[in-house]
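Take a look at the structure below.
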Amino acid sequence: MRAFTAKVVAFAKKNSVAIVFVTVYAALATATFLVSWRELFDRLAFELKPVANYDTFLYFTVGHGLAEGVTPYSGLYENKGPMIFLVSAISYKLFGNYRLVNVLSFLCVLAGLIVPAAFCVAAYKKHKPNYYLFIPVAIFLFGGSALLTDFMQGHSEAVQVETFGTAFSLLAILFSYLVNLDGQSKFYSPSVILCGACVGVATMFKEPFSLICAAGILLFTHTKKDVIYKVMFPILWCFLTCFVILLLSGATTSYFTVYLSNMFSSHLTKYGSPFTRMLDVQKVFSYYGSFSFALPALIIVSMVVSTVKELLTDYSEKVALNVAMKLLCALKPFAVLYVATFAVGLGGQYYNHHYVFAEGVFFAYMLSAADFILSVNETYPSFSSVKKLLGVADNSGEEKQTAALRMAKFAFIPALVAFSVVWCMALSVPRDYDALFNKTIAGATGVTENAKYIDDILYAVDKDTYTYIGFNGYTPCAYTEHLPSGPCFAQDKNNFTSEDTYFSKELVRQLDETDVIVFSYLNAGVMNEYVSAYIAENFTTAAPSVVSNARIEKPETFRYKVYYRILAFA
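Laid out in structure tokens, this is it:
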């Protein structure tokens, strides 16, 4: 026992600085976790429950239609990529509900923590850094990831496509980092295939994520080999993935002729040029800062470190070309920032979940900064002064014993300490997720009751479909056995800018062909007057005898008007 104690004392004396250093950071990590674990746990648990937001019921309706053989966009229209409809359709087909979508939403939020952790492992394997350096960098990555994940869930919660797209963007960036890690990548290497596939899936959730993926991957692209294996080959796999998703969703034609045509003609320029909105960087930083003042600091510090990384990376043996490439590549982090702001402002509406588009880029900044700092153990001439400052120029003999002391003097250490403390203080006030869940359950219960009531009416009048007049929210369309008529099953006023558009003409056709209307409110833009007049002239709220005789019980939650075509049920 005395011998063991003597060894412990000797080890402590020899490594006293290292022990203090590791203990301080372990305490900071523990404090950070204790402050944030409840918030993180509640956010994750909330996503795993059967929750939904106002747009979710639109996704579910198109997914239900897809499961029944109705083509997205031309059959039932919603302004989202086909991937969310495909996931909803698979869930409905397998389980008769949409719980699988909630599970995927939970996993996508969790990806904000798991992907950076996996990146840490890969970076450690690649650089084999001094563990005095690795510990604070890992804590920095954990804290930053948790804070960004908090923001992502808080602003794109309960099955929003921005959470799905961000998760697959992070996976794409991770797999691009793994490309060439062993120096043996090929066109068919798993990391190359998975990188391209994740970009494709992210794109099919919402198209701006293709830009986010490209921007994030660009931060890890430095050689000709990187361009081939991280950009060119993954693009081919991305196209293949997108084609397969379009094929499975049956939207190979309508995706282009209806959806993209409408987006480019009616949405992208509605609020002016998207390139003008791209320049409004302050708007994005202010919004992130309103959630936590630590977030802009994290983003700026990571961005600066990423810029330094580009300046210290050697691109050519020729001095002039090397300097030119350094200066050119130092612009990458700034170009990437504008890609993020372009994606956020593309729609021009700046809803809270739109800001989550930038998350993939901000995660990439942080991962790039961590990768650079962990690389100082490597024998790059550009890093020599940094290595000496950190005390990792030589990990043998007495040099190793003083490494932690030198590193403790490096400015990165107090910066990390400050960030950890700030992050603990700057966490948003925990939300009452039980109340949010109960509100969702109450709304969903009302939706299912209303859907059954509508189905009972349609069974009584022997009709296969109905027309819904309204937009998003807790609409019954996703839960009725009878699908609503489409493509305009829910009317977004932005789709009805003139009377001769595709959607205006389709809405007129739907009204002409329907005998039952479930009316919530008018939201059909320039068509509102026409719809109101048409219903007043051709429909009545007086239930036909077949409905009255069926003695259908109307739920208390039913707040809609049901219109029946005059003389259709005589």
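Start counting the sequence shown at 39; every next residue gets the next number (my numbering).
Glycine residues also receive a C-beta, built at the ideal position from the N, C-alpha and C atoms.
Treat the numbers as computed from the prediction; the structure is a model and nothing was measured.
Would you report the Cα separation of residue i and residue j, rounded to the nearest angstrom?
{"i": "Thr106", "j": "Leu412", "result": "Here the sequence assigns Glu to residue 106, which means Thr is not the residue at that position. The straight-line gap from Cα to Cα measures roughly 52 Å."}
{"i": "Ile507", "j": "Ala528", "result": "6 Å"}
{"i": "Tyr598", "j": "Phe557", "result": "6 Å"}
{"i": "Ala588", "j": "Tyr97", "result": "32 Å"}
{"i": "Glu397", "j": "Cys146", "result": "13 Å"}
{"i": "Leu286", "j": "Gly524", "result": "20 Å"}
{"i": "Pro110", "j": "Phe95", "result": "15 Å"}
{"i": "Leu428", "j": "Ala253", "result": "Note that Leu428 scores a pLDDT of 43, beneath 50, so its modelled location is shaky and nothing firm can be said."}
{"i": "Ala335", "j": "Ser304", "result": "37 Å"}
{"i": "Cys526", "j": "Thr518", "result": "16 Å"}
{"i": "Phe172", "j": "Ser214", "result": "22 Å"}
{"i": "His193", "j": "Leu212", "result": "23 Å"}
{"i": "Glu245", "j": "Thr295", "result": "16 Å"}
{"i": "Arg81", "j": "Ile495", "result": "39 Å"}
{"i": "Val600", "j": "Tyr309", "result": "36 Å"}
{"i": "Thr505", "j": "Ile555", "result": "5 Å"}
{"i": "Gln198", "j": "Leu549", "result": "31 Å"}
{"i": "Thr579", "j": "Arg603", "result": "9 Å"}
{"i": "Ser330", "j": "Tyr388", "result": "18 Å"}
{"i": "Val357", "j": "Ser299", "result": "49 Å"}
{"i": "Leu104", "j": "Lys164", "result": "45 Å"}
{"i": "Ala240", "j": "Tyr491", "result": "37 Å"}
{"i": "Val265", "j": "Asp318", "result": "30 Å"}
{"i": "Tyr162", "j": "Val339", "result": "21 Å"}
{"i": "Phe178", "j": "Lys166", "result": "18 Å"}
{"i": "Gly327", "j": "Leu333", "result": "6 Å"}
{"i": "Ala160", "j": "Pro593", "result": "56 Å"}
{"i": "Phe596", "j": "Ala574", "result": "21 Å"}
{"i": "Leu612", "j": "Phe302", "result": "Because residue 612 is not part of the residues shown, which for the chain are 39 to 608, the question remains open."}
{"i": "Leu216", "j": "Cys251", "result": "15 Å"}
{"i": "Lys268", "j": "Phe258", "result": "9 Å"}
{"i": "Leu138", "j": "Ser129", "result": "5 Å"}
Is it right to say residue i is buried, meaning 16 or more other beta carbons lie within 10 angstroms of its own, or is it exposed?
{"i": "Glu85", "result": "buried"}
{"i": "Thr187", "result": "buried"}
{"i": "Leu256", "result": "buried"}
{"i": "Val361", "result": "exposed"}
{"i": "Val230", "result": "buried"}
{"i": "Ala235", "result": "buried"}
{"i": "Gln191", "result": "buried"}
{"i": "Ser542", "result": "buried"}
{"i": "Asn488", "result": "buried"}
{"i": "Asn168", "result": "buried"}
Using C-beta distances below 6 Å, list every residue in its chain close to residue i, excluding the 5 sequence neighbours before and after it, in chain order.
{"i": "Arg315", "result": "Gly383"}
{"i": "Gly238", "result": "Cys276, Thr279, Cys280"}
{"i": "Ala498", "result": "Val584, Val585, Ala588"}
{"i": "Ala196", "result": "Val89, Ala90, Asn91"}
{"i": "Pro371", "result": "Met341, Ser344, Thr345"}
{"i": "Leu405", "result": "Phe157"}
{"i": "Leu249", "result": "Val377, Ala381"}
{"i": "Phe206", "result": "Cys236, Val239, Ala240"}
{"i": "Phe202", "result": "Cys146, Phe243"}
Going by alpha carbons, who is nearest to residue i out of the options?
{"i": "Val363", "options": "Pro371, His165, Thr351, Ala373", "result": "One point to set straight first is that residue 363 is Met, not Val, in the sequence displayed. Checked all of Pro371, His165, Thr351, Ala373; the closest Cα to Met363 is Thr351."}
{"i": "Met270", "options": "Thr290, Asp318, Cys233", "result": "Cys233"}
{"i": "Asn532", "options": "Phe178, Met190, Thr345, Phe509", "result": "Phe509"}
{"i": "Glu348", "options": "Thr261, Phe180, His102", "result": "Thr261"}
{"i": "Ser227", "options": "Pro272, Phe395, Val485", "result": "Pro272"}
{"i": "His520", "options": "Phe178, Glu77, Thr99, Tyr297", "result": "Thr99"}
{"i": "Leu185", "options": "Leu151, His165, Asn168", "result": "Leu151"}
{"i": "Leu210", "options": "Phe180, Phe247, Ser354", "result": "Note that residue 210 is Ala in the sequence shown here, rather than Leu. Cα-wise, what sits closest to Ala210 is Phe247."}
{"i": "Tyr568", "options": "Phe534, Glu487, Val217", "result": "Phe534"}
{"i": "Val322", "options": "Ala562, Phe395, Ala368", "result": "Phe395"}
{"i": "Ala402", "options": "Val108, Asn218, Phe189, Ile337", "result": "Ile337"}
{"i": "Phe577", "options": "Leu605, Asn566, Thr595", "result": "Leu605"}
{"i": "Thr30", "options": "Cys515, Leu359, Phe607", "result": "In the structure as shown, the chain starts at 39 and stops at 608, and residue 30 therefore has no counterpart that could be examined."}
{"i": "Tyr325", "options": "Tyr393, Lys268, Tyr136", "result": "Tyr393"}
{"i": "Asn566", "options": "Glu551, Ala44, Thr483, Ser536", "result": "Ser536"}
Please list, in chain order, all residues of the same chain as residue i whose beta carbon is under 7 Å from its beta carbon, the five residues on each side excluded.
{"i": "Val175", "result": "Ala408, Ile411, Leu412"}
{"i": "Met242", "result": "Gly119, Pro120, Met121, Cys280, Ile283"}
{"i": "Ser570", "result": "Leu560"}
{"i": "Ala562", "result": "Gln529, Lys531, Phe534, Leu545, Val569"}
{"i": "Leu306", "result": "Pro312, Leu384"}
{"i": "Ala289", "result": "Thr109, Pro110, Tyr111, Pro120"}
{"i": "Val153", "result": "Leu208, Leu209, Leu212"}
{"i": "Tyr293", "result": "Tyr111, Pro120, Leu284"}
ask   = Which residue spans inside the region 476-551 form an unbroken alpha helix (DSSP H) run of at least 4?
value = 540-551
task = May I have a chain-ordered list of the alpha helix (DSSP H) segments no shorter than 4 residues that lie completely inside the region 362-389?
result = Counting only runs of 4+ residues, the alpha helix (DSSP H) found wholly inside the region 362-389 occupies 370-383, in chain order.
ask   = In the region 231-314, which residue ranges form an unbroken alpha helix (DSSP H) of at least 4 residues, counting only runs that do not cross its ends?
value = 247-256, 271-287
ask   = Unbroken beta strand (DSSP E) runs of length 3 or more, entirely within the region 549-586: which are they?
value = 554-557
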